[in-house]
Amino acid sequence: MATNSKVERHGDRSKVLEGSRVDLERERDEEDEGQERRGSVVDFGNNGGKQVLVTEVMDIEEMAWAPKYGLKGIIDASLRIRMVSDFGDSQETIVPLEFKSGKITSQTTTEHHAQVILYTLLMSERYLVKEIDAGLLYYLFTDETRGVKVQRSDLIGLIMRRNELASDLVKASTSRLLPPMLKNPMVCKSCRHLNSCTIYHKAYGGDQDTSGLGDLFDRNVGHLTTADIEFLKHWDHLIDLEAKTCRVASKEMRACRLGESSSSCLSPLVLDVTTGYPADGLLKNDRYVYHFIHQNGARCNREANNVDIRQPSKLQVGSFISSLKCGDFVIISTESGRPAIANGMICSISQRGVSVSLSKLLRLPGSYCTSETADLTREVWRIDKDEIASVYATMRFNLVELFFPRLQNSLLRKVIVGLEPPRFDSGVLVSQDPAVSYVRLEKSINDDQRRAIQKILSAKNYSLILGMPGTGKTSTMVHAVKALLMRGQSILLTSYTNSAVDNLLIKLKTQGIDFVRIGRLEVVHNDVHQHCFSATGASSLDDIRQRMEQVRVVGVTCLGIYHPLLVNKKFDVCIMDEAGQITLPVSLGPLMLASMFVLVGDHYQLPPLVQSPEAREKGMKVSLFCRLSEAHPQAIATLQCQYRMCSGIMELSNLLIYGNRLRCGSPEIADAKIKLSLAEPITAWIKEVLDPNKSVIFINTDNLLAFEMRENDGIHNPSECSIILEITRELLEREVPGDEIGVITPYNSQASLIQRVVNSSIEVHTIDKYQGRDKDCLIVSFVRASENAKACNSSILGDWHRINVALTRAKKKLIMVGSCGTLSRVPLLKLLIEKVNEQGGLLHISKKDFGAA
DNA sequence: ACTCTGCGAAGAGGA
Ligand SMILES: Nc1ncnc2c1ncn2[C@@H]1O[C@H](COP(=O)(O)OP(=O)(O)O)[C@@H](O)[C@H]1O
Numbered sequence: 001m002a003t004n005s006k007v008e009r010h011g012d013r014s015k016v017l018e019g020s021r022v023d024l025e026r027e028r029d030e031e032d033e034g035q036e037r038r039g040s041v042v043d044f045g046n047n048g049g050k051q052v053l054v055t056e057v058m059d060i061e062e063m064a065w066a067p068k069y070g071l072k073g074i075i076d077a078s079l080r081i082r083m084v085s086d087f088g089d090s091q092e093t094i095v096p097l098e099f100k101s102g103k104i105t106s107q108t109t110t111e112h113h114a115q116v117i118l119y120t121l122l123m124s125e126r127y128l129v130k131e132i133d134a135g136l137l138y139y140l141f142t143d144e145t146r147g148v149k150v151q152r153s154d155l156i157g158l159i160m161r162r163n164e165l166a167s168d169l170v171k172a173s174t175s176r177l178l179p180p181m182l183k184n185p186m187v188c189k190s191c192r193h194l195n196s197c198t199i200y201h202k203a204y205g206g207d208q209d210t211s212g213l214g215d216l217f218d219r220n221v222g223h224l225t226t227a228d229i230e231f232l233k234h235w236d237h238l239i240d241l242e243a244k245t246c247r248v249a250s251k252e253m254r255a256c257r258l259g260e261s262s263s264s265c266l267s268p269l270v271l272d273v274t275t276g277y278p279a280d281g282l283l284k285n286d287r288y289v290y291h292f293i294h295q296n297g298a299r300c301n302r303e304a305n306n307v308d309i310r311q312p313s314k315l316q317v318g319s320f321i322s323s324l325k326c327g328d329f330v331i332i333s334t335e336s337g338r339p340a341i342a343n344g345m346i347c348s349i350s351q352r353g354v355s356v357s358l359s360k361l362l363r364l365p366g367s368y369c370t371s372e373t374a375d376l377t378r379e380v381w382r383i384d385k386d387e388i389a390s391v392y393a394t395m396r397f398n399l400v401e402l403f404f405p406r407l408q409n410s411l412l413r414k415v416i417v418g419l420e421p422p423r424f425d426s427g428v429l430v431s432q433d434p435a436v437s438y439v440r441l442e443k444s445i446n447d448d449q450r451r452a453i454q455k456i457l458s459a460k461n462y463s464l465i466l467g468m469p470g471t472g473k474t475s476t477m478v479h480a481v482k483a484l485l486m487r488g489q490s491i492l493l494t495s496y497t498n499s500a501v502d503n504l505l506i507k508l509k510t511q512g513i514d515f516v517r518i519g520r521l522e523v524v525h526n527d528v529h530q531h532c533f534s535a536t537g538a539s540s541l542d543d544i545r546q547r548m549e550q551v552r553v554v555g556v557t558c559l560g561i562y563h564p565l566l567v568n569k570k571f572d573v574c575i576m577d578e579a580g581q582i583t584l585p586v587s588l589g590p591l592m593l594a595s596m597f598v599l600v601g602d603h604y605q606l607p608p609l610v611q612s613p614e615a616r617e618k619g620m621k622v623s624l625f626c627r628l629s630e631a632h633p634q635a636i637a638t639l640q641c642q643y644r645m646c647s648g649i650m651e652l653s654n655l656l657i658y659g660n661r662l663r664c665g666s667p668e669i670a671d672a673k674i675k676l677s678l679a680e681p682i683t684a685w686i687k688e689v690l691d692p693n694k695s696v697i698f699i700n701t702d703n704l705l706a707f708e709m710r711e712n713d714g715i716h717n718p719s720e721c722s723i724i725l726e727i728t729r730e731l732l733e734r735e736v737p738g739d740e741i742g743v744i745t746p747y748n749s750q751a752s753l754i755q756r757v758v759n760s761s762i763e764v765h766t767i768d769k770y771q772g773r774d775k776d777c778l779i780v781s782f783v784r785a786s787e788n789a790k791a792c793n794s795s796i797l798g799d800w801h802r803i804n805v806a807l808t809r810a811k812k813k814l815i816m817v818g819s820c821g822t823l824s825r826v827p828l829l830k831l832l833i834e835k836v837n838e839q840g841g842l843l844h845i846s847k848k849d850f851g852a853a
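Now the structure itself:
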């Protein structure tokens with residue numbers, strides 16, 4: 001076999017493979033020129049030498065999974081070869097080729113053979129070919145090719161090993177039983193998992209004896225206290241519970257693999273090969289972009305006119321489009337039974353179709369070059385969201401890393417496990433620190449904000465900022481960053497969501513502050529693209545390294561901190577926005593990169609999303625921000641002055657949630673009213689609802705018998721939808737701009753119902769999605785209404801955090817629609833209705849007012 | 001009893 005003797009041993013792996021691919025192809029071409037193609041003799045060990053001729057390199061770094069065996073892997077190169085069989089005739093077969101750059105020892109030989117054997121299994125599944133029973137290993141170090149012939153007994157042995165491993169994993173997560181330690185200090189002392197391994201061993205009852213590691217064990221876990229171990233076990237258990245819900249979900253995906261389309265999948269699709277979308281992919285930024293359209297084009301383009309709001313099921317057309325979004329990782333399969341042909345990322349999606357970017361050409365495994373395009377266009381495709389479980393791995397890793405024997409981690413443990421209060425050095429505030437004088441003299445911030453920033457500047461371990469709705473959290477953080485920079489400190493800015501990170505960075509940008517944003521372009525806001533490396537294009541490795549060393553401010557999501565550019569990067573301060581919405585294990589990651597941290601959030605708004613009810617109940621919904629705020633209420637810097645709600649709207653959350661701690665930032669804000677143009681005479685109820693002097697309205701639907709309806713696990717309320725449609729029409733009629741009107745509701749199905757009927761300039765969302773946003777005029781649809789309603793306390797409406805979010809989104813006008821009868825069973829909502837009544841905003845509409853019911 | 005954001009990628013071998 002021809003080879004490249006100049007392969008760099010430490011070079012980029014894909015380059016090595018590309019190079020070899022060229023070599024393989026060159027070899028083929030050279031042989032073409034010769035009189036006959038014989039190939040070379042490859043040593044198959046006990047099976048002797050065989051003539052092997054590579055006829056095609058079909059793929060490199062090919063991802064293959066076989067759900068049937070519970071295995072997946074990435075095959076270095078997938079070859080079509082001609083090999084002389086035992087009977088002397090030459091046959092064409094498919095084989096995996098693995099590159100190995102290391103030395104050959106008996107240990108590695110066994111491992112390499114095992115790997116190749118498993119790859120033959122994966123390839124049989126992927127290529128729908130049963131007879132894949134051989135593979136190749138190529139050793140770059142010695143320029144030697146070895147053949148591997150699959151023995152049935154080896155295969156069975158490997159599958160059994162795989163099953164043992166899988167059962168160990170299950171045992172670990174369900175009964176907290178870990179496999180015994182290797183008890184081999186020589187091997188373990190240089191293992192990179194030594195820390196995690198010994199810590200877990202200790203946590204689950206192991207000791208120096210059972211570890212078999214002697215002193216090495218105690219050196220790694222000796223520092224752990226009983227409280228540390230309890231904390232680790234508790235959170236590890238919560239992560240297990242949460243991870244289980246995801247595993248169930250991925251099983252469901254596998255079950256519905258063919259035919260049926262679900263909400264997280266697009267199907268049936270065909271490849272769009274019309275102008276601008278070549279069948280062999282549009283090359284863009286080194287990625288291949290393919291465009292798929294619905295097989296029945298008409299369905300994709302269907303307009304949502306003349307919708308009957310009483311039959312929401314008819315509206316589900318195209319709803320799959322909303323569940324996948326730009327930047328999502330997806331898996332492409334065919335409906336003809338070939339799962340996971342390729343994986344990639346959505347780069348645009350609309351009613352008309354979806355574009356997916358792949359790192360390689362799209363190709364059906366085994367398809368011949370001559371018919372590739374035809375094969376692709378003939379297929380019916382499906383696209384599923386790729387549920388990567390790496391979130392749980394990250395959580396677990398963050399958690400165990402907290403207990404590593406490092407000074408910085410021990411300080412963090414004191415705060416997080418031991419609940420050490422924030423400590424401040426008040427001396428800083430009277431010093432010559434330029435940051436301090438900047439904050440003292442800055443005119444654009446109020447006193448609360450100033451105090452909060454001073455706390456940040458004088459904090460020794462951490463500080464907490466409670467930013468109630470509309471209180472200028474972002475402005476506070478921007479000035480804090482400015483001040484910290486004056487001191488020459490480096491800052492990590494983070495939050496769970498991309499939008500929260502970008503929101504902050506955009507404000508920094510307007511202040512002319514330099515920063516780097518780590519994250520994929522597809523999910524980063526346009527306005528910060530220039531701060532991402534991928535957008536700057538041709539920067540060399542050295543440029544990037546230099547930039548990372550020089551830049552003081554880095555923005556990244558909590559889960560993005562393991563990006564290669566951030567390894568070994570440390571910061572003076574970590575500022576975490578929306579910290580009340582981040583689960584503790586996730587928030588640990590960024591905190592471990594900094595010597596001091598600032599949590600900004602509002603634990604009176606929605607807690608982190610936890611899938612598993614059991615995990616939630618056992619405490620996973622308690623964010624670190626909430627944990628520390630409840631432990632040290634006196635140390636929180638509270639921003640009380642808000643610049644969003646007029647006084648009538650503010651009164652609601654002040655009474656129900658915030659214990660009157662909110663104040664309006666100015667008289668203008670307190671008295672703000674919507675402006676209505678004069679228009680035709682209106683009905684009495686509409687007139688009252690729109691009255692600009694009544695900032696809060698609650699429309700009680702009890703007289704309409706406007707009951708909730710259930711369909712496919714969703715709850716919706718058509719009557720409330722009709723009322724809201726009427727109100728939005730009247731608002732638009734009176735020249736309230738559509739983009740200053742919003743509608744929110746607890747339930748997705750109600751949101752999509754309303755979305756379909758109201759003017760498209762009006763934003764409609766669930767309450768959860770709307771956290772952090774605001775509008776001049778906001779309408780809330782509570783949905784729940786039934787005669788025999790049990791208390792909705794156990795429903796998502798029973799969560800007071802969600803109610804608080806709903807009540808604090810409107811600036812000038814808040815219109816709520818709901819059934820007093822049903823909602824009053826939730827104590828907080830009962831109080832709300834009483835308060836609105838006291839303000840004179842409660843309105844009971846009847847069938848007479850409203851004919852559409 | 002219905003709320004939904006994020007996340008890439010490999011392998012050998014030195015302390
Ligand atoms: N000290 C202040 N004085 C006047 N207006 C302010 C002040 N702080 C913030 N604001 C205003 O309040 C609004 C919300 O500010 P922002 O910092 O984005 O708040 P949040 O992050 O809490 O939503 C902005 O329009 C901003 O101009």
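Take the first sequence: its letter number 831 is residue 831 in the UniProt record's numbering, and every next letter is one higher.
Even for Gly, the Cβ is constructed at its ideal location relative to N, Cα and C.
Please report the distance separating the alpha-carbon of residue i from that of residue j.
i: Lys-775; j: Phe-424; result: 38 Å
i: Ala-243; j: Phe-397; result: 14 Å
i: Ile-341; j: Leu-591; result: 39 Å
i: Ser-666; j: Tyr-643; result: 8 Å
i: His-844; j: Glu-726; result: 16 Å
i: Met-253; j: Asp-514; result: Residue placement at Met-253 is poorly supported in this model, since its pLDDT is 47, which falls under 50; the coordinates still yield a value, given next. One C-alpha to the other measures close to 43 Å.
i: residue 855; j: Asp-328; result: What is shown of the chain runs 1 to 853, which leaves residue 855 out entirely.
i: Val-780; j: Asn-700; result: 12 Å
Go ahead and pull the three-state DSSP assignment for residue i.
i: Ala-635; result: helix
i: Leu-606; result: coil
i: residue 858; result: Here the chain covers residues 1 to 853 and nothing more, so residue 858 does not appear.
i: Asp-154; result: helix
i: Leu-485; result: helix
i: Pro-180; result: coil
i: Asn-306; result: A caution first: Asn-306 carries a pLDDT of 41, below 50, which makes its placement in the model unreliable, though a value can still be read off. Here Asn-306 sits in coil by DSSP.
i: Glu-630; result: helix
i: Glu-131; result: coil
i: Ala-77; result: strand
i: Met-83; result: strand
i: Arg-146; result: strand
i: Cys-188; result: helix
Whose C-alpha, out of the options, is nearest the C-alpha of residue i?
i: Val-501; options: His-525, Gly-157, Thr-510 and Arg-152; result: His-525
i: Ser-348; options: Leu-362, Tyr-392, Cys-369 and Ile-293; result: Ile-293
i: Arg-729; options: Thr-745, Asn-748, Leu-690 and Leu-704; result: Leu-690
i: Pro-737; options: Cys-626, Ala-435, Ile-762 and Pro-268; result: Ile-762
i: Ala-670; options: Ile-649, Ser-410, Asp-384 and Glu-125; result: Ile-649
i: Gln-750; options: Glu-735, Ile-723 and Leu-732; result: Ile-723
i: Arg-450; options: Asp-602, Met-477, Lys-460 and Pro-405; result: Met-477
i: Lys-569; options: Leu-593, Cys-721 and Lys-835; result: Leu-593
i: Met-548; options: Ser-587, Val-516 and Val-573; result: Val-516
i: Val-428; options: Val-95, Lys-130, Glu-733 and Arg-440; result: Arg-440
i: Ile-156; options: Leu-136, Leu-178, Ala-134 and Leu-121; result: Leu-121
i: Ser-336; options: Lys-694, Ile-491 and Val-380; result: Val-380
- Quick one: residues with CB closer than 5 Å to any heavy atom of ligand 1, in chain order, please. Any residue whose Cβ sits closer than 5 Å to a heavy atom of ligand 1 makes the list: Ile-445, Asn-446, Gly-472, Lys-473, Thr-474, Ser-475 and Tyr-643.
- Message: In chain order, what are the residue ranges of uninterrupted alpha helix (DSSP H) at least 4 long that sit wholly in the stretch 443-528?
- Response: 447-458, 473-486 and 498-510
- Query: Enumerated in chain order, which unbroken segments of the beta strand (DSSP E) with a length of 3 residues or greater are wholly contained in the stretch 673-701?
  - Reply: 696-700
- Item | Inside the stretch 325-390 only - beta strand (DSSP E) runs reaching at least 3 residues | Uninterrupted beta strand (DSSP E) stretches at least 3 residues long and entirely within the stretch 325-390 occur at 329-334, 342-350, 353-358 and 381-385, given in chain order.
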